[in-house]
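Protein sequences appear in the order of chains A and B. For what it's worth, UniProt numbering labels the leading residue of the first sequence as 1, then goes sequentially. For what it's worth, UniProt numbering labels the leading residue of the second sequence as 1, then goes sequentially. Glycine is no exception: its CB is placed at the ideal position from the N, C-alpha and C atoms.
Protein chains: 2
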Amino acid sequence: MNDYSSLIENIKQRIAQGDKSPLYVKVAETVKQAIEQKMLVGGDFLPTERELSDLLGVSRITVRKALDVLDKDGVIVRSRGCGTMISETMEYSLKEAKGFSQQVVLKGKKPDTLWIKKDIIPCSEEIASHLKIAVDESVFLLKRIRYIDDQPVSVEESYVPANLIRDVDDIQMSLYDYFRSQNIIPTRTQSRVSAQLPTDEFLEHLGLKSSVPVLVIKQAAFDTRGKPIEYSVNYCRGDMYVFVAED
Amino acid sequence: MNDYSSLIENIKQRIAQGDKSPLYVKVAETVKQAIEQKMLVGGDFLPTERELSDLLGVSRITVRKALDVLDKDGVIVRSRGCGTMISETMEYSLKEAKGFSQQVVLKGKKPDTLWIKKDIIPCSEEIASHLKIAVDESVFLLKRIRYIDDQPVSVEESYVPANLIRDVDDIQMSLYDYFRSQNIIPTRTQSRVSAQLPTDEFLEHLGLKSSVPVLVIKQAAFDTRGKPIEYSVNYCRGDMYVFVAED
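Here you go:
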C-alpha cells in the first residue's frame, strides 16, 4: 500500500471523536483497526514519523508515542534505514499474554488449529519431573498444528496431568480457555528457548523442504498455588516467530 | 565419571557439618562444588534418585529437592530415560541473573572475553528507537566474542549512549559491573529471541564450518527511572545456549 489516504482519513476521524483517550492511543488504535480490516497487511510500510506528523497535523512526539505502542504490541517493526513495517512475525510470550488467534487476526490473517493427538499416555521421567508427578502416571498428550492463512507455522505438544481434564473434547482452540472454564487459573510460567535445525518430522508436518531454523519453546505453567498444570514443547518456524520476555 | 565414591563422601561430610542449612541445600551445594573442582564435568551423569538416596542415607524427597535446585540453577538436565546429566548448556537469562563467567566456572570450565570493538558511532534509526535518543546521536558500539575453554561460543554487540561511558577502557569482562561502578543500575530488561541460520561473519568469528543454528537475543536494558541504558544483539551457538525466562 503506497496510498495512505484512507488510513490518514480514518485516523483523522478517530482523532475528531470527542472522547478523552490520549491522541497517541487514538492513532495506535486506528492503525490496528486498519490491519484488522486488511487496509494494511504484514509487510506494508507506514509513512515516516515526519510524514505522519504532517499528514495528521499532530506533533512528532505524539506520532512517536503511537509507534512506541505499536512496537511494544508487536504490530510494527522499525528497521534500519527502511522505516516502519507492519510486522509479519508472530510473537510467543510468557503466559500466552498475546494469544495466537488474536495476534493472527491483528495481522489481517486467518488463524487455524488442527489437533492431531489427544491421547492418554504414561508419563516419561522428563515430563514427570516437570509436572512433579510420578513416572508412568497418566497424562494427556495434546498435539496440534497451527496455521496462518492455511500455511502451517508451528507444532505444539502439551502434557497435562490426566486428572485436570474431564472431557478432552471440550478443548477447542485454546487449552488455557478450557483450564479457566474449569477454574484452573494459569498464573506463572517458566520457559526455555532454543534454536535447532528442523527434524524430518517437523519439516513433514509443516510441508517444508528447505532448512528453516526452528525456535523451540519449552514452557511449564503453574496454577495459583504453584502446582504444575502443563508442560509444553513448541516447535515454531524460526523465520516467523520471535519469543518475547520482559522483567 | 562412574565412580561416585568421592562425590558421595564429600556430600556426607557436608551433611555431617552442624550448621542449620536444610539437607537438600547441602546436597545441592556439594554437587556444585564438585563441578567447580572438576570432580564432575558437563556431560557426566549423576546416580539415580534412588541410588543417591541409598548412598547418602537421606530420603528420596530430600534428593528430589536437591535436584530441583540444581535443575532450576541450570546445573543439571533431566532427560527422558537417561537420568540426570551435568548440563553443558549455557543459560542466557533476563537481567544477567546468571553472569557468563560464573556459569562457565560452574561447569568446571574456563571463561574468556575478547573485545573486538569499542567504537563511537552515529546511531542508526533502529538503535535510536530502542535507546530513545535521536538518530545520529553518538553511541558506543561494544563488540565482543565470548569463549569457553578457548572455544568461541557467542558474539555480542552492545549499543550504549555515549554519555553513559566516561572511559571505555574501564570496561572489563562485564559491562554491567562497569554500569554499577558508575551508579547506573540495570533494573529492567526486554528481550526478543529468535532462531536464525548463521551468517558467514558469525561462522568466521566462531571458527565454525558446519551450519549450527544461531540463537539471536535482542535485549534492551533500562535503569531505575526506566531510561534505556543498553541495547544489545547477541548471536549464540544454538547447540550450546538456551534462553530462560520466568514470570
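Contacts around residue i, its chain only, beta-carbon distance under 8 Å, and the 5 residues preceding and following it disregarded
i, result
"Asp170 of chain A", "Tyr178, Ser181"
"Val216 of chain A", "Val193, Ser194, Ala195, Gln196, Val233, Asn234, Tyr235, Cys236"
"Ser124 of chain A", "Val135"
"Gln17 of chain A", "Lys26"
Under the three-state DSSP convention, the category residue i falls into
i, result
"Gln190 of chain B", "strand"
"Leu215 of chain B", "strand"
"Thr48 of chain A", "coil"
"Tyr178 of chain B", "helix"
"Tyr4 of chain A", "coil"
"Ile11 of chain B", "helix"
"Leu70 of chain B", "helix"
"Ile185 of chain B", "coil"
"Gln33 of chain A", "helix"
"Leu55 of chain B", "helix"
"Glu137 of chain B", "coil"
Residues that residue i contacts on chain B, provided the C-beta gap is smaller than 8 Å
i, result
"Ala66 of chain A", "Correct list: empty, because the minimum Cβ distance to chain B is about 13 Å."
Contact set for residue i: own chain, Cβ-Cβ below 7 Å, skip 5 residues either direction
i, result
"Leu106 of chain B", "Lys32, Ile35, Glu36, Val75"
"Phe202 of chain B", "Val155, Val214, Tyr235"
"Leu70 of chain A", "Ala28, Val31, Ile76"
"Met1 of chain A", "Residue placement at Met1 of chain A cannot be trusted, given a pLDDT of 46 that sits under 50; the coordinates are not used to answer."
Cα-Cα separation, residue i to residue j
i, j, result
"Leu164 of chain A", "Ser129 of chain A", "17 Å"
"Gly43 of chain A", "Leu114 of chain A", "26 Å"
"Val168 of chain B", "Met90 of chain A", "38 Å"
"Thr199 of chain A", "Val135 of chain A", "27 Å"
"Arg14 of chain A", "Ile8 of chain A", "10 Å"
"Lys143 of chain A", "Val160 of chain B", "43 Å"
"Glu29 of chain A", "Leu206 of chain A", "33 Å"
"Val212 of chain A", "Tyr241 of chain B", "18 Å"
"Arg64 of chain B", "Leu131 of chain B", "44 Å"
"Gly226 of chain A", "Ser138 of chain B", "47 Å"
"Glu246 of chain A", "Ser191 of chain B", "6 Å"
Own chain residues within Cβ distance below 6 Å of residue i, not counting five before or after
i, result
"Tyr4 of chain A", "Pro47"
"Lys26 of chain B", "Arg14, Ile15"
"Ala221 of chain B", "Pro186, Thr189, Ile229, Glu230"
"Thr62 of chain A", "Leu23, Tyr24"
"Val244 of chain A", "Glu91, Ser93"
"Tyr147 of chain A", "Asp112"
"Val104 of chain A", "Pro111, Ile148"
"Asp119 of chain B", "Leu141"
Buried versus exposed, by CB contacts within 10 Å (16 or more), residue i
i, result
"Lys20 of chain A", "exposed"
"Lys117 of chain B", "exposed"
"Ile127 of chain B", "buried"
"Pro122 of chain B", "exposed"
"Ile86 of chain A", "buried"
"Glu204 of chain B", "exposed"
"Arg50 of chain A", "exposed"
"Gln219 of chain A", "buried"
"Arg166 of chain A", "exposed"
Amino acids of chain B, ordered along the chain, whose beta-carbon sits closer than 9 Å to that of residue i
i, result
"Pro47 of chain A", "None at all; the shortest Cβ gap to chain B is about 14 Å."
Amino acids of chain C, ordered along the chain, whose beta-carbon sits closer than 9 Å to that of residue i
i, result
"Gly238 of chain A", "This model lacks chain C altogether, as its protein chains are A and B."
Cross-chain neighbours of residue i in chain B, by beta carbon under 7 Å
i, result
"Ser129 of chain A", "Arg78"
Interface partners of residue i on chain A, CB under 8 Å
i, result
"Val244 of chain B", "Gln190, Ser191, Arg192, Val193"
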